[in-house]
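Have a look at the structure below before the remarks.
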Amino acid sequence: MLPEYKKYIKFFTVALFLVFTFKSTFAATLTLTKIGVLDLGGKTYNEWWYTGTNPTFYGTAAKDSTVSLKIAETTFTTTADVAGNWSYLVSMAKGDYAIEISSGTEKLSFTLHLGQTMSDSTSQTSPSAPGTLSTGFNQFIGVTFGIGVILLATYLYFSTDSKRKTIFENRMLKED
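Per my numbering, the very first residue in the sequence shown carries number 5; after that it's consecutive.
Here is the structure:
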């Protein structure tokens with residue numbers, strides 16, 4: 005019986021290897037890490053307040069990819085370095101700006117209130133509000149879970165009925 009289970013172990017090993025090898029395909033690579041000296045701490049909001057003017061935007065993206073920074077109707081571009089880091093200094097006066105940062109199919113958008121402090125009457129917006137990236141680690145977990153369910157169902161299908169198992173082995177797993 006032991007040789008039969010070796011086939012399942014090989015299958016599980018290959019499936020897990022493929023999932024972990026290609027996990028970066030499902031993860032978001034575009035991030036905004038800082039606006040000027042304001043460290044965003046990995047959070048994404050629909051609105052940001054920055055008391056200074058002429059900020060530098062810092063972030064990460066896929067290495068050597070083009071990052072577009074659209075402020076109102078003007079678009080600027082920069083390129084991520086080999087480590088995936090990018091930055092862009094913009095000259096902006098005090099005011100409210102619609103910002104859209106994109107790279108490939110990924111997009112971040114928010115309103116930047118420049119040269120202003122957040123008023124006390126403004127309620128705090130929760131992280132990951134609409135308009136933020138919809139890809140990331142949760143998709144990786146979902147794909148991994150889905151593959152696990154399929155593998156478990158396959159194992160249970162063949163292990164509970166010896167006739168199915170015998171037919172499957174005779175047709176598919178012939179070892180010469």
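Backbone N, C-alpha and C fix where the C-beta goes; we use that ideal spot for every residue, glycine too.
This one's a predicted model, so the numbers in the text were calculated from it and none came from an experiment.
Backbone secondary structure at T37 - three-state DSSP: Taking the first residue of the sequence shown as 1, we reach residue 37 at position 33. T37 falls in the strand class under three-state DSSP.
Buried or exposed (CB count within 10 angstroms, at least 16 for buried), G63: As a position in the sequence shown, residue 63 is number 59, starting the count at 1. Classification for G63: buried.
DSSP state of K47 mapped onto helix, strand, coil: Indexing the sequence shown from 1 puts residue 47 at position 43. Of the three classes helix, strand and coil, the one that applies to K47 here is coil, per DSSP.
Three-state secondary structure assigned by DSSP to A133: Taking the first residue of the sequence shown as position 1, residue 133 is located at position 129. Note that A133 has pLDDT 46, beneath the 50 cutoff, so the model's placement of it is unreliable and the number below is only indicative. The answer is coil: DSSP assigns A133 none of H, G, I, E or B.
Residue burial classification, T79 (beta-carbon count within 10 angstroms, cutoff 16): Counting from one through the sequence shown, the residue named residue 79 turns up at place 75. Under this definition T79 is an exposed residue.
S113: first and last residue of the uninterrupted beta strand (DSSP E) it sits in: Here residue 113 refers to the residue found at position 109 when the sequence shown is read from its first residue. Looking at the DSSP string, the run of the beta strand (DSSP E) that includes S113 is E110 to L118.
Three-state secondary structure assigned by DSSP to V94: Sequence index remark: in the sequence shown, residue 94 carries index 90 (1-based). Of the three classes helix, strand and coil, the one that applies to V94 here is coil, per DSSP.
Member of A87, T55, D68 and T109 whose CA lies at the smallest distance from the CA of M96: The residue you call residue 96 lines up with position 92 of the sequence shown. Nearest option by C-alpha distance: T55.
Boundaries (first-last residue) of the beta strand (DSSP E) holding E77: By one-based count along the sequence shown, residue 77 stands at place 73. Where E77 is concerned, there is no enclosing beta strand (DSSP E), given that its DSSP letter is neither H nor E.
Those residues which DSSP pairs with Y62 across a bridge: The sequence position of residue 62 within the sequence shown is 58, counting from 1. Paired residues: K38 and S91.
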